[in-house]
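Protein chains in written order, with my numbering: chain A, 1 to 485; chain B, 486 to 970. C-beta: ideal position from N, C-alpha, C; glycine also. One structure is given below, encoded as structure tokens.
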């Protein structure tokens, strides 16, 4: 479980708070010399004589005796700390210049600049948390919606780990039976009742499948749900987009660091993030850069799980709607069709003193939509005909439908959601190994092959929690962290 | 000393660390209910039963019982805190989304969003620091060079306050003598020896003058020294700028939040900031926006204290140098003239097997520079003739000269520097009042006029430390702070 970047015994340092000017900034030290190094530059109480989880006021001084800053130092004595090593947190004034000075002095005194994620790596290596929990720390920091926050928090608090432990225990019990059989193999004893073993594997496979099934939803909730919004010019797409974004836009732009693609609008409904891809840019491409943009947009369209198609209900005929949707539809997409500009129809009918609700009945539902509507219904497409982005008519209904398309019946309470593609792949690997085990078991192949399959499955599951890990794996996980975590 | 925005008795909350994604973020609560409010959402130990300066691990939960974050809570019990009130600092995962959730919950439980600078305002109002120290907190956070850092630190640790207290004591002693004289005025008793009083006022005036004199330097060091860099096209100005900025640029751009004007380059030499204003943009103005830019540049040029003029020593004749400088020179400017491209001259002379050092002697010093050089010398202009930005020749000398032009003999150890224009104005006011007192004293006017002058002077000095303050003054100082400080 050694990691190439991890040199046990040294002390690391990094700024733990975001870059930039703030009221305070916090520098974190971890390692056996954390307290001694801080003591050598801190003027106040002797830190090495203080209790864990206490805070001390004093100054940080340079070798020349200049006061660099007045600070508060928080002490965490091993193993009662995030990394299970000695940890010191120095809370100084939030000037990037001064914080940088303090870090330089600490490095001069023997600390080393931390690698990205190295504090959490140490927490993992020292048994503070398993690998899936460590990964959840990064997800938690990146969380920018209620859904991604909940999933990360559940994972950090051991949601997945518990499920995996359960599966591992079942498999280990199974393996014990199989290997017992192997030991007595030449005596032709069958300790493990093969039918019972089959049922056990099927049960574990089902558990794996449930977790794997949650990934599509989990990943969508974590990353946001790619949603194409399409329609002909003048269908009122922009107005609709604005109506949908109205309350929400301020909240989204308040969250600093939200990465936004140029072609995307982020819509948050009930804590779930929708990445709205506007296909407006698809029409013209006058130069290479635009062409690249269009290629990227098309890729996004193809990856999208929801298609929102907006038409002008005053103007566009049902066959055209059907034709347009056919062009964008990809297998597996969920479709929401929106008949916009109902206000114009209302106006027209008001003026002509006609009954509004007769409109759809007479003109559309019978004459034009008839077969098309039925076809849409059969394919599970949702259709809201009476929408007015201008008067906000049925905007709330659209949001409710979007949520429904995104999460279906939603998250059941306490359901474990897999949202990490590495975990999904490991689960798939375990699932395949069990498939193989089942095949071997059913075809009466000797126990040692089955035992090997089970060991494979166990290894896959061990990768999720980090019981099985390689330097490369750890590197690839922790280099994605920010420095200071 | 009441402030309109300050409602004693309520509890304020704000994010104390910079906006953005980081490993951790810290939320600060201050006020009588800080601990109770935190206790109502914190699941861990009962905070109200814990000692001051201790740290506690637990979770923050919503009313519905959902875990919002795993946090560390630091307790500071009044008066042992920054504000002298109860203070709680909640250190959570550095997701802006999650930190915002926590703040929302704390507000729901009775905290109020803090105004900018309100924590420090409370520290001031509760006697933790005087006004000049409170101002230094903001300066410290904004510090982005060694010089601005030193000045702010000195001020925060009471440098100016000590000087002002000293002056106030002298004046109070003086006032006591004068007012004693007043009490016995009708008896025509002169307790205060007028000659002695005069000498005392002159002494205090001199002390004030020393502080006032430090302002020009202090302000320049704090804000950076505006330096014009000028020269004809092809004088090698950009290459020179790059040579000067070379080592430095990385450091500067590392400091996030450094506000940079488009026309400025920031050069740091020995911890002193030079704001280099390139006059290149002065030549063309094709539209209104550019014209505005040029107007701003010209204003900057006029405010600059140093002019660096670069010429191509291979090409440009001394009279042209003189002419160009005359156009940009303003009274009080310090001037550094740089003869660039010495490498080209060297090359030429090497090729012609001539002695390089004869070049200046024969061609320039005698024939062309002669009188002009003498004139420059008399006006105190510095001139480095043999510079090559290309080969870095004499770049270090330029830096040394710039430092010399900026701070002269520099800061003497422990000298108090005034760097705040509000302080400078108050000192000027006190100085004027003492002038008046001296005039009145010398012209034999009765003591009560003199006493009034002294009271004015005392009030001016009291404004610096905040012993005299108004709501408006406090508002104007603290609204410039960031929220959370």
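For residue i, list the residues DSSP reports as bridge partners.
i                     : result
residue 598 (chain B) : B:498
residue 538 (chain B) : Residue 538 (chain B) pairs with nothing; no bridge assigned.
residue 231 (chain A) : A:310
residue 268 (chain A) : A:273
residue 527 (chain B) : B:545
residue 947 (chain B) : Paired residues: none, contrary to the question.
residue 510 (chain B) : B:577
residue 699 (chain B) : Its beta-bridge partners do not exist; DSSP assigns none.
residue 878 (chain B) : B:873
residue 711 (chain B) : B:760
residue 822 (chain B) : B:794 and B:868
residue 561 (chain B) : B:572
residue 69 (chain A)  : A:60
residue 433 (chain A) : Beta-bridge pairing links residue 433 (chain A) to no other residue.
residue 30 (chain A)  : A:12 and A:87
Buried or exposed: where does residue i fall if 16 or more other Cβ atoms within 10 Å of its Cβ makes it buried?
i                     : result
residue 391 (chain A) : exposed
residue 14 (chain A)  : buried
residue 549 (chain B) : exposed
residue 348 (chain A) : exposed
residue 618 (chain B) : buried
residue 202 (chain A) : exposed
residue 303 (chain A) : exposed
residue 905 (chain B) : buried
residue 567 (chain B) : buried
residue 580 (chain B) : buried
residue 379 (chain A) : exposed
residue 804 (chain B) : exposed
residue 84 (chain A)  : buried
residue 216 (chain A) : exposed
residue 727 (chain B) : exposed
residue 222 (chain A) : buried
residue 909 (chain B) : buried
residue 166 (chain A) : exposed
residue 760 (chain B) : buried
residue 19 (chain A)  : buried
residue 43 (chain A)  : exposed
residue 90 (chain A)  : buried
Flag this pair as touching only if the stretch 493–502 of chain B and the stretch 591–601 of chain B have three or more C-beta atom pairs under 8 Å; answer yes or no. yes
Can we say the stretch 934–951 of chain B touches the stretch 907–921 of chain B, given the rule of at least three CB pairs closer than 8 Å? yes
Would the stretch 396–411 of chain A count as touching the stretch 219–230 of chain A if we require 3 or more Cβ pairs under 8 Å? A contact exists between the stretch 396–411 of chain A and the stretch 219–230 of chain A.
How do the stretch 150–167 of chain A and the stretch 516–526 of chain B stand: do at least 3 beta-carbon pairs fall below 8 Å, yes or no? no
Are three or more beta carbon pairs between the stretch 465–478 of chain A and the stretch 536–544 of chain B nearer than 8 Å? no
Within 8 Å, do at least three Cβ pairs link the stretch 790–803 of chain B to the stretch 819–834 of chain B? yes
Give, in chain order, every unbroken run of the alpha helix (DSSP H) that is at least 4 residues long and sits entirely within the stretch 95–168 of chain A. 96–108, 118–125, 131–142 and 146–156
Going along the stretch 644–669 of chain B in order, which residues come within less than 7 Å of chain A, judged by CB to CB distance? none
Counting beta carbon pairs with one atom in the stretch 436–452 of chain A and one in the stretch 137–149 of chain A, are three or more of them shorter than 8 Å? no
What are the residues in the stretch 21–33 of chain A lying within 8 Å of chain C by C-beta distance? Annotation note: the requested chain C is absent from the structure, which comprises protein chains A and B.
Between the stretch 715–733 of chain B and the stretch 951–959 of chain B, do at least 3 Cβ pairs fall closer than 8 Å? Verdict: no, contact absent.
Which residues, in chain order, does the stretch 570–588 of chain B contribute to contact with chain A at a C-beta distance below 9 Å? 574, 576, 578, 579, 580, 581, 582, 583, 585 and 586
What are the residues of the stretch 617–629 of chain B that lie near chain A, defined by any Cβ-Cβ distance shorter than 8 Å? 622, 625, 626, 627, 628 and 629
Got a sec: which bits of the stretch 44–57 of chain A sit with their beta carbon under 9 Å from any beta carbon on chain B, in order along the chain? So the close ones are 51, 52, 53, 54, 55, 56 and 57.
At a Cβ cut of 9 Å, what residues of the stretch 899–924 of chain B count as close to chain A, listed as they run along the chain? none
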